[in-house]
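Chemist:
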Ligand SMILES: [Zn+2]
Ligand SMILES: [Zn+2]
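In full-length UniProt numbering, the protein residues as written are 1 to 178.
1. Helix, strand or coil: how does DSSP classify residue 171 here?
2. Would you say the beta carbon of residue 86 comes nearer than 6 Å to a heavy atom of ligand 1?
3. Is the CB-CB distance between residue 17 and residue 162 below 7 Å?
4. Taking 6 Å as the cut-off, is the beta-carbon of residue 118 closer than that to any non-hydrogen atom of ligand 2?
5. Give the straight-line distance between the Cα atoms of residue 28 and residue 127, rounded to the nearest whole angstrom.
6. When you compare only the Cα positions, how much space is there between residue 147 and residue 130?
7. Taking 6 Å as the limit between beta carbons, can you name the residues of its chain near residue 83, skipping five residues before and five after?
8. Which whole-angstrom value describes the C-beta separation of residue 108 and residue 94, a residue pair presumed to lie in contact below a C-beta threshold of 8 Å?
9. Straight-line CA distance for residue 79 to residue 139?
10. Between residue 115 and ligand 4, is the CB less than 6 Å from at least one heavy atom?
11. Counting only the same chain and skipping the five closest in sequence on each side, list residues whose C-beta sits under 7 Å from that of residue 92.
12. Are there 16 or more other CB atoms within 10 angstroms of the CB of residue 154, so buried, or fewer, so exposed?
13. Measuring CA to CA, which of 157, 123, 106 is closest to residue 134?
14. Alpha carbon to alpha carbon, what distance is there between residue 15 and residue 26?
15. Whose C-alpha, out of 47, 149, 39, 41, is nearest the C-alpha of residue 20?
16. Can you list the beta strand (DSSP E) stretches of 3 or more residues lying completely in the segment 38-105, in chain order?
17. Just the Cα atoms here: how many angstroms apart are residue 106 and residue 144?
18. Within 10 angstroms of its Cβ, does residue 170 collect 16 or more other Cβ (buried), or is it exposed?
19. Is any heavy atom in ligand 1 found nearer than 6 Å to the beta carbon of residue 27?
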């Protein structure tokens, strides 16, 4: 059973993509919205804490880590990956700026499948459902297993295309003042 019809899915995912364009990290733009019934209760994107220089001002803060490859290499292949750790993830910002009581039984729409840490936090946040668009293969198996155990709906939005000009892969707009 899904709580919302497909046209509501599209509506709220479109908003998540609009929100993601606020991100100032050139490596990844993630947007998320919290929905209770059909009511929008919060929006968030990945960004540095308020009053702290963001990626567009100070550059990304890159760490390199070895991660298992997504494939089925017999030797358990590892690949070196770069990540920007300057930003608070969109899902964590959403939890910081919404109230627990509002989240009970709510739905989170997010442009990208949550990473393991965000999924773990969302699982304990009162929400009932996560809907995402872009897959994050590295953590997908772990996160799907967690959601199943926890009894939360976890699904990729079907038959969806983001609004024009909201999928920013590199380059970014001039910094805005806030
Ligand atoms: Zn960055
Ligand atoms: Zn995350």
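Each residue gets a CB set at the ideal place from its N, CA and C atoms; glycine is no exception.
Modeler: According to the structure shown:
1. Because residue 171 carries a pLDDT of 44, less than 50, the predicted location of this residue cannot be relied on, and the following value inherits that uncertainty. In the structure shown, residue 171 sits in coil (DSSP, three-state: anything other than H, G, I, E or B).
2. Checking the Cβ of residue 86 against ligand 1 gives yes.
3. In contact: residue 17 and residue 162 (Cβ atoms closer than 7 Å).
4. Within the cutoff, so yes.
5. Between residue 28 and residue 127, the C-alpha separation is close to 24 Å.
6. So the alpha carbons of these two residues sit roughly 9 Å apart.
7. Only residues of its own chain outside the window of five on either side were considered, and among them 63 have a CB closer than 6 Å to the CB of residue 83, listed in chain order.
8. Sure, about 7 Å apart at Cβ, within 8 Å.
9. Between the alpha carbons of residue 79 and residue 139 lies a distance of about 15 Å.
10. As far as ligands go, the structure on display features ligand 1 and ligand 2 and does not contain ligand 4.
11. Excluding residues within five positions, the ones whose Cβ falls inside 7 Å are 118, 121.
12. So residue 154 counts as buried.
13. Per the Cα distances, 157.
14. Inter-residue distance for residue 26 and residue 15 is about 20 Å (C-alpha atoms, whole angstroms).
15. With distances taken between CA atoms, residue 20 lies nearest to 47 out of 47, 149, 39, 41.
16. Runs of beta strand (DSSP E) with 3 or more residues, each lying fully within the segment 38-105, are found at 39-45, 62-68, 78-84, listed in chain order.
17. Rounded to whole angstroms, residue 106 and residue 144 show a C-alpha spacing of 18 Å.
18. Residue confidence for residue 170 is low, a pLDDT of 49 falling below 50, so the modelled location carries little weight and cannot support an answer.
19. Yes; taking the cut-off as 6 Å, the Cβ of residue 27 has a heavy atom of ligand 1 nearer than that.
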